[in-house]
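Q: Submitted below is the structure of interest, expressed as C-alpha cells.
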Amino acid sequence: MRYIPLSPLDRQEMLESIGVSQTSDLFSSIPQDCLFEGKPDLPKAKNEQQLKDFFSSLAQKNRFDPNASWKSYLGAGCYSHMIPTVVDALSSRGEFATAYTPYQAEISQGTLQAIFEFQSMTASLYGMELSNASMYDGASSLAEAVLMACRIQKKNVVYLSQAIHPEYVEVARSYTRDIGIEIRILPLNESGTTDVSSVTAEDAAAVVLAQPNFFGVLENLEVLSKNACASLLSIVVNTEPLAFGLLKAPGEFGVDIVVGEGQSLGNPQHFGGPHLGLLCAKKKYLRQLPGRLVGRTVDQDGKEGFVLTLSTREQHIRRDKATSNICTNHSLIALRSAIYMACMGRNGMVALAKKNFERAHSLAQKLCQIKGVKKVFDGEFFHEFALTIPKEAKAFLSIMEEKKIVAGLDLSRLDSSRNNQILIAVTETKSDEDLDQYLKAFSEALA
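For the working numbering, count along the sequence shown from 1 and bump the result up by 5.
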C-alpha cells in the first residue's frame, strides 16, 4: 500500500471537524514553559557510509565481545551461553522477523504453531500443566504472578524471599504499591535458603521463592507444602531455566505458579534486553492466567489449526475485567527459545546443566583455598555462587578489569553491607584455560 501524506486542505478539514483552527490548539492544555519551540538540536544527516563508520566506532567500545580477549563472569539473572547457529538462522527468516503477535492471528499459522510449541516445551521444562505465550521479562512475570495469586485467593498480602532478584522485587512493588497489596520479605538463614517460619496464612495470598535464588543457592521447595505455606499459593521464580536440566522441576513439588526469565534459552545477553518472561501454572488457574495463550483446534473442515484462545481473559474485554494489561508477547524471543530447546533436546539440556554445575563447583572449590576467601552461604548451588573476599569488592573488581576480566557482580551495589562480597557465574562458555586464568588473576588481585 502506498503512503499518501495529508495535504494542507486535509489537515484543515480535520481540525475544523474537531472544533479547532490550528494544530497548536491541540496542545493548549500543556503549560507554556513545558512546550518545546523551534527545531531540535540534532546533528546533520549522514549518508550510508558515514552511518556505518559511526556505528562501527560505537561498537569498538564494546569490551565484552565474546570474540575478544575479555572474559566476563557476570550473571545475576542474565547469563552467557553458547547459542547453536541454527537459532540465528531460523529466527532471522523473514516470516518470523517480528516481535509482534499479528492482530489477525489465525492468518499466521506458522507463528502460532511456533508459540504453541514454545508453550508446550516451557510447561514441560517446569513440570507444569500450561504456559502462556510469554511475557516481557522475568520481573514482569513475577509481578503478574503476584497479582494473579491475589485475585485467586482474594487476599492482599504476599511473602517474597529476600533471595529473589532485587530488581524483580522492585518491579513487583511498582505493580502493587497503589492497589492495596502488601509485600512482606522473608529473611535468609545461614545456608542461604529462605526462612519461612514467619509465614502466616490468615491474610496472605502466596509465598514466593526463587530456584536457584539470587545468590545461586538452591532452595528446598518442599517447605512450600508444609505448615502455613501449605494453605497459600506457591510461586517459584527462576532466572536460569537450564538449571532444571538437573534439578527436580517445580511442578513435581506441587507448585501452583512458576515464573522465569528465558534469556538463557538461546538468547544473547543483549545489553540487558529484550528478554523473555516465562509464566506457567496449574490448569485450574487457566482463567486467571495473564497474557496471550495459543491453542490447537480443528476447523469446520476437520483441519487442524492454531488460534489465540480464551481471549476473554485479556484486553479484548473491558479493562477492569481483564486479567492484565499486557496486550502482546515477546514472540521473536520466544521463537528463539523454542528453537533452542528443540535443538538441545532433553538429553542436551541435561548434559549442559551438568557441565555448568561441574565447572562452577570446581572453580568455587579452588577459589575458597585462597587465604581469606570463603563462600557467603554454605548451601548447595547450581552455576552461580557468592564469595566473601579480604578486600573491598569494588577495588578488587577494578584490579581484575585491568587484566581484562569482569570477575563478578559487586553485591554492595544492591546491599551496602555486602561491600566485600561478589557474585560469580560460570557457564559452559568458559574453558579450562579460562578458569585457570581466572584463578591465577584472582589470587594476584588479592595479594
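Glycine residues also receive a C-beta, built at the ideal position from the N, C-alpha and C atoms.
1) For the alpha helix (DSSP H) that contains Leu372, what are its first and last residues?
2) Which parts of the segment 386 to 443 are runs of the beta strand (DSSP E), unbroken and 3 residues or longer, counting only runs that do not cross its ends?
3) With three or more beta-carbon pairs closer than 8 Å as the criterion, would you say the segment 352 to 359 touches the segment 245 to 256?
4) Let me know the secondary structure DSSP gives Met140 once reduced to three states.
5) Strictly by DSSP, which residues pair up with Ser77?
6) By a C-beta neighbour count over all protein chains shown, 10 Å radius and 16 as the cutoff for buried, is Glu100 buried or exposed?
7) Taking just the CA atoms, how far does Val25 sit from Ile184?
8) For Glu175, I'd like the list of residues in its chain whose CB is within less than 7 Å of its CB, leaving aside the five on either flank, ordered along the chain.
9) What residues in its chain sit with their C-beta under 6 Å from that of Ala369, if we drop five residues either side in the sequence?
10) Name the DSSP beta bridge partners of Tyr131, please?
11) According to DSSP, Gly282 sits in a beta bridge with which residue or residues?
12) Pick helix, strand or coil for Ala168, following the three-state DSSP scheme.
13) Going by C-alpha to C-alpha distance, which of Thr333, Gly307, Thr393 and Val303 sits closest to Ser316?
14) Taking the alpha-carbon of Val260 as reference, which of Leu135, Pro89, Lys376 and Leu416 has the nearest alpha-carbon?
15) Do Ala215 and Gly197 count as a contact pair if the criterion is CB distance below 8 Å?
16) Between Gly310 and Ala128, what straight-line distance do the alpha-carbon atoms span, to the nearest angstrom?
17) Check the DSSP bridge columns for Ile9 and list the partner residues they point to.
18) With DSSP as the reference, label Asn243 as helix, strand or coil.
19) Kindly give me the distance between the Cβ atoms of Ile338 and Val92, rounded to whole angstroms, as I take these residues to be in contact under 8 Å.
20) Can you look up Val25 in the DSSP assignment and give me helix, strand or coil?
21) With a cut-off of 8 Å, do at least 3 Cβ pairs link the segment 223 to 239 to the segment 391 to 398?
22) Please determine if the segment 189 to 205 and the segment 141 to 156 are in contact, where contact requires at least 3 C-beta pairs separated by less than 8 Å.
23) Could you pull out every residue in the same chain whose Cβ sits closer than 7 Å to the Cβ of Met6, ignoring the five residues on either side in sequence?
24) Bridge partners for Leu238 per DSSP, in chain order?
25) Tell whether a beta-carbon distance below 8 Å holds between Ile186 and Asn218.
26) Run through DSSP, which three-state label would Glu309 get?
27) Decide if Phe60 is buried, meaning its Cβ has at least 16 other Cβ atoms within 10 Å, or exposed.
28) According to DSSP, simplified to helix, strand and coil, what is Leu31?
29) Taking the CB atoms as reference points, tell me whether Ser85 and Gln274 lie closer together than 8 Å.
30) Contact between the segment 117 to 133 and the segment 291 to 299 is defined here as three or more beta-carbon pairs at a separation below 8 Å; is this criterion met?
31) Please tell me whether His280 and Glu266 are closer than 8 Å, where the distance is taken between their beta carbons.
32) Across which residues does DSSP place Leu193 in a beta bridge pair?
33) Gly384 and Leu223 look like a contact to me (Cβ under 8 Å); what is the Cβ gap, rounded to whole Å?
34) Over what stretch of residues does the beta strand (DSSP E) that includes Val299 continue unbroken?
35) Consult DSSP for Val163 and reduce its assignment to one of helix, strand or coil.
36) For Asn194, which residues of its own chain have a beta-carbon under 6 Å away from its beta-carbon, when the five flanking residues on both sides are left out?
A: Inspection of the coordinates gives the following:
1) For the purposes of this step, residue 372 is taken as the residue at position 367 of the sequence shown. Here the alpha helix (DSSP H) through Leu372 covers Ser336 to Leu372.
2) 389 to 393 and 426 to 430
3) yes
4) The residue labelled residue 140 in the question sits at position 135 within the sequence shown. Three-state result, Met140: strand.
5) One-based indexing of the sequence shown puts residue 77 at position 72. DSSP, once it has assigned bridges, lists Val411 as partnering Ser77.
6) Taking the sequence shown and counting its residues from 1, the one referred to as residue 100 is at position 95. It is exposed - the Cβ of Glu100 has fewer than 16 other Cβ atoms within 10 Å.
7) Counting from one through the sequence shown, the residue named residue 184 turns up at place 179. Counting from one through the sequence shown, the residue named residue 25 turns up at place 20. Distance between the alpha carbons of Ile184 and Val25 is about 38 Å.
8) Working through the sequence shown from its first residue, we reach residue 175 at position 170. None.
9) If you number the sequence shown from 1, residue 369 lands on position 364. Cβ neighbours of Ala369 beyond the five flanking positions: Phe390.
10) Reading the sequence shown from its first residue, position 126 is the one you call residue 131. Looking at the DSSP assignment, Tyr131 forms no beta bridge with any residue, so it has no partner.
11) Counting from 1 along the sequence shown, the entry for residue 282 is found at position 277. Answer is Met140 and Glu266.
12) Along the sequence shown, one-based indexing puts residue 168 at 163. Three-state result, Ala168: coil.
13) Within the sequence shown, numbered from 1, the residue matching residue 316 stands at position 311. Residue Thr333 is the option with its Cα nearest to Ser316.
14) Locating residue 260 in the sequence shown gives position 255, counting from the first residue. Comparing Cα positions, the closest option is Leu135.
15) Your numbering for residue 197 matches position 192 in the sequence shown. Your numbering for residue 215 matches position 210 in the sequence shown. No, these two residues do not count as a Cβ contact at 8 Å.
16) Locating residue 310 in the sequence shown gives position 305, where the first residue counts as 1. Locating residue 128 in the sequence shown gives position 123, where the first residue counts as 1. Cα to Cα, Gly310 sits roughly 20 Å from Ala128.
17) As a working note, residue 9 is residue 4 in the sequence shown. According to DSSP, Ile9 bridges with nothing at all.
18) Locating residue 243 in the sequence shown gives position 238, counting from the first residue. Strand, per DSSP.
19) To locate residue 338, count along the sequence shown from 1; it is residue 333. To locate residue 92, count along the sequence shown from 1; it is residue 87. About 11 Å separates the two Cβ atoms, so there is no contact after all.
20) The sequence position of residue 25 within the sequence shown is 20, counting from 1. In the structure shown, Val25 sits in coil (DSSP, three-state: anything other than H, G, I, E or B).
21) no
22) no
23) In the sequence shown, the residue the question calls residue 6 occupies position 1. Bear in mind that a pLDDT of 48 at Met6, under 50, signals an unreliable position, so the model cannot answer this.
24) Stepping through the sequence shown from its first residue, residue 238 is reached at position 233. Leu238 is bridged to Ala211.
25) As a first step, residue 186 is located in the sequence shown; it is residue number 181 there, counting from the start. As a first step, residue 218 is located in the sequence shown; it is residue number 213 there, counting from the start. Not a contact, by the Cβ cut-off of 8 Å.
26) Along the sequence shown, one-based indexing puts residue 309 at 304. Strand at Glu309.
27) Position 55 of the sequence shown, counted from the start, is the residue given in the question as residue 60. Under this definition Phe60 is an exposed residue.
28) Along the sequence shown, read from residue 1 onward, the residue named residue 31 stands at position 26. Of the three classes helix, strand and coil, the one that applies to Leu31 here is helix, per DSSP.
29) The count along the sequence shown starts at 1 and reaches residue 85 at position 80. The count along the sequence shown starts at 1 and reaches residue 274 at position 269. Closer than 8 Å, so yes.
30) yes
31) Counted from its first residue, the sequence shown places residue 280 at position 275. Counted from its first residue, the sequence shown places residue 266 at position 261. Cβ distance < 8 Å, so His280 and Glu266 count as in contact.
32) Working through the sequence shown from its first residue, we reach residue 193 at position 188. Paired residue(s): Thr199.
33) Along the sequence shown, one-based indexing puts residue 384 at 379. Along the sequence shown, one-based indexing puts residue 223 at 218. About 7 Å; that satisfies the 8 Å criterion.
34) On the sequence shown, residue 299 is found 294 positions in, with the first residue counted as 1. Taken as a continuous stretch (DSSP letters only), the beta strand (DSSP E) holding Val299 covers Val299 to Val303.
35) By one-based count along the sequence shown, residue 163 stands at place 158. Strand at Val163.
36) Here the question's residue 194 lines up with position 189 in the sequence shown. The residues are Asp200.
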